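S.K.: Below is the structure I would like to discuss, written out as structure tokens.
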Amino acid sequence: MNKIDRRRPESEMDATVNAARLGTRLRLARQTRGMTLKALATAANCSESLLSKIENGKASPSLPMLHRLVEALETNIGWMFEQIDDDEAIVFRAGARPLISLDALRRGEGISLERIIPYSPGHLLQCNIHHIEADGESEGPIQHVGEEVGYVLAGRIELIVDGKSHDLATGDAFVFRSELPHHY
Numbered sequence: 004m005n006k007i008d009r010r011r012p013e014s015e016m017d018a019t020v021n022a023a024r025l026g027t028r029l030r031l032a033r034q035t036r037g038m039t040l041k042a043l044a045t046a047a048n049c050s051e052s053l054l055s056k057i058e059n060g061k062a063s064p065s066l067p068m069l070h071r072l073v074e075a076l077e078t079n080i081g082w083m084f085e086q087i088d089d090d091e092a093i094v095f096r097a098g099a100r101p102l103i104s105l106d107a108l109r110r111g112e113g114i115s116l117e118r119i120i121p122y123s124p125g126h127l128l129q130c131n132i133h134h135i136e137a138d139g140e141s142e143g144p145i146q147h148v149g150e151e152v153g154y155v156l157a158g159r160i161e162l163i164v165d166g167k168s169h170d171l172a173t174g175d176a177f178v179f180r181s182e183l184p185h186h187y
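Every position in the sequence shown, counted from 1, becomes a number in the working numbering once 3 is added.
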């Protein structure tokens with residue numbers, strides 16, 4: 004498994020800002036769709052209290068819960084975290100790409116996502132490098148609309164798709180429908 008590049012570590016302040024940004028985006032998406040806290044909580048199978056804490060930056064959802072929330076809101080995780088400076092963003096320069104720690108989202112340690120291409124509303128494609136520490140893993144299976152494509156840059160990873168385990172090594176690639184439960 005790969006070690007996380009610690010050249011751009013997320014500070015405690017960054018984590019607080021990211022939680023607040025996520026909460027603000029979540030509230031905006033919910034209100035734009037005319038949903039109450041109760042309606043979204045029911046659709047995402049969580050409590051209104053927890054949803055309120057997330058919207059106010061006082062709690063962070065697990066990755067599976069975040070997927071349920073964005074599915075109920077008919078959006079995607081990329082939109083929740085994106086910092087859009089220009090609607091016509093085309094290029095991310097080397098060394099300037101955002102690095103998003105999933106530690107707070109998955110309530111564990113060991114995974115960060117490095118955004119490879121800018122996200123813009125209306126784009127269907129998202130591309131990230133998953134930096135996974137030794138013993139890093141996602142918190143249970145997730146499902147969402149789309150397709151997953153991956154390539155192992157270095158190390159080994161166990162990918163589990165629809166209950167079937169796949170041991171992947173440097174140079175291996177994969178593709179599958181995201182509607183199938185998957186994790187690593």
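The beta-carbon is built from N, C-alpha and C at its ideal position, and this holds for glycine as well. Everything numeric in this text was worked out from a predicted model, so none of it was measured.
Any idea if Glu-58 is buried or exposed, counting beta-carbon neighbours within 10 angstroms, 16 or more meaning buried?
M.R.: As a working mapping, residue 58 is identified with position 55 in the sequence shown. Buried, because 16 or more other Cβ atoms sit within 10 Å of the Cβ of Glu-58.
S.K.: Can you look up Leu-128 in the DSSP assignment and give me helix, strand or coil?
M.R.: Stepping through the sequence shown from its first residue, residue 128 is reached at position 125. Of the three classes helix, strand and coil, the one that applies to Leu-128 here is coil, per DSSP.
S.K.: Give the straight-line distance between the Cα atoms of Arg-110 and Ser-65, rounded to the nearest whole angstrom.
M.R.: The residue you call residue 110 lines up with position 107 of the sequence shown. The residue you call residue 65 lines up with position 62 of the sequence shown. Legend: pLDDT at Arg-110 = 44, less than 50; position of this residue unreliable, no value from coordinates given.
S.K.: Quick test of your reading: Leu-216 and Gln-146, contact by CB under 8 Å. State the CB separation rounded to the nearest angstrom.
M.R.: Residue 216 is absent from the model: the chain starts at 4 and stops at 187.
S.K.: Report buried or exposed for His-169, applying the criterion of at least 16 other Cβ atoms within 10 angstroms of its Cβ.
M.R.: Within the sequence shown, residue 169 is the residue found at index 166, counting from 1. Exposed, because fewer than 16 other Cβ atoms sit within 10 Å of the Cβ of His-169.
S.K.: Quick one: is Val-73 buried, meaning 16 or more other Cβ sit within 10 Å of its Cβ, or exposed?
M.R.: The sequence position of residue 73 within the sequence shown is 70, counting from 1. So Val-73 counts as buried.
S.K.: Does the distance from the C-beta atom of Leu-31 to that of Ala-44 stay below 9 Å?
M.R.: Here the question's residue 31 lines up with position 28 in the sequence shown. Here the question's residue 44 lines up with position 41 in the sequence shown. The answer is no: Cβ separation not under 9 Å.
S.K.: Could you check the C-alpha separation between Lys-41 and Ser-50 for me, to the nearest Å?
M.R.: In the sequence shown, the residue the question calls residue 41 occupies position 38. In the sequence shown, the residue the question calls residue 50 occupies position 47. Their backbone Cα atoms lie some 8 Å apart in a straight line.
S.K.: Could you pull out every unbroken alpha helix (DSSP H) segment of at least 4 residues lying fully inside the segment 25-87, listed in chain order?
M.R.: Entirely contained in the segment 25-87, the alpha helix (DSSP H) runs reaching 4 residues are, in chain order, 40-47, 51-58, 66-75 and 80-84.
S.K.: Would you call Leu-156 buried or exposed, if buried means 16 or more other Cβ atoms sit within 10 Å of its Cβ?
M.R.: Residue numbering aside, residue 156 sits at position 153 when the sequence shown is read from its first letter. Its Cβ having fewer than 16 others within 10 Å, Leu-156 is exposed.
S.K.: Using the beta-carbon count (16 or more within 10 Å), is Ser-52 buried or exposed?
M.R.: To locate residue 52, count along the sequence shown from 1; it is residue 49. Ser-52 is exposed by the Cβ-count criterion.
S.K.: Which value, in whole angstroms, describes the spacing of the CA atoms of Gly-98 and Ile-132?
M.R.: Within the sequence shown, residue 98 is the residue found at index 95, counting from 1. Within the sequence shown, residue 132 is the residue found at index 129, counting from 1. Their backbone Cα atoms lie some 13 Å apart in a straight line.
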